[in-house]
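One structure below.
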Amino acid sequence: MKTRILITIGLFLPALVFGRQGDSTLSLQEVYDEVQSNYPVSEKQDLQQKITALKDQIARSGIFPEISLHADATYQSEVTTLPFSNPGITTPELSKDHYS
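For the sequence shown, position 31 (counting from the first letter as 1) is numbered 186 according to this note's numbering, and the numbering increases by one without interruption.
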């Protein structure tokens, strides 16, 4: 029984070790192509390029001048007046509008 197992292993082992499946040689370019197509980061490469382009656009937008507008307007219903009049001195009436 032992000899039968040893003979079977002896016959099939070289076929398993040295056997070839057709033409299994690859060129270096084929290896590069396979690695590039199966690399996990290659799926994210397009997304990474878009992120980089957006970051560059944001960085370049900082060199342009900025315009800022601010306005303020008020209207007062009553303005301060002097309750008395001085002879020879005229006091101007203050306007109710104020712009800045």
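All residues carry an ideal CB built from backbone N, CA and C; glycine is no exception.
Distance, residue j Cα to residue i Cα
i, j, result
"VAL196", "GLU221", "39 Å"
"GLN184", "ILE164", "38 Å"
"ALA208", "TYR194", "23 Å"
"THR246", "THR229", "22 Å"
"LYS199", "TYR187", "18 Å"
"THR158", "SER192", "49 Å"
"ARG215", "ASP227", "33 Å"
"LEU181", "ASP201", "28 Å"
"SER179", "ILE218", "57 Å"
"LEU161", "GLN203", "57 Å"
"PHE239", "HIS225", "39 Å"
"SER223", "ILE213", "19 Å"
Check whether residue i and residue j have beta carbons under 7 Å apart
i, j, result
"LYS251", "GLN231", "yes"
Contact set for residue i: own chain, Cβ-Cβ below 6 Å, skip 5 residues either direction
i, result
"ASP211", "none"
"ILE244", "none"
Residues near residue i by beta carbon distance below 7 Å, same chain, minus five either side
i, result
"VAL190", "none"
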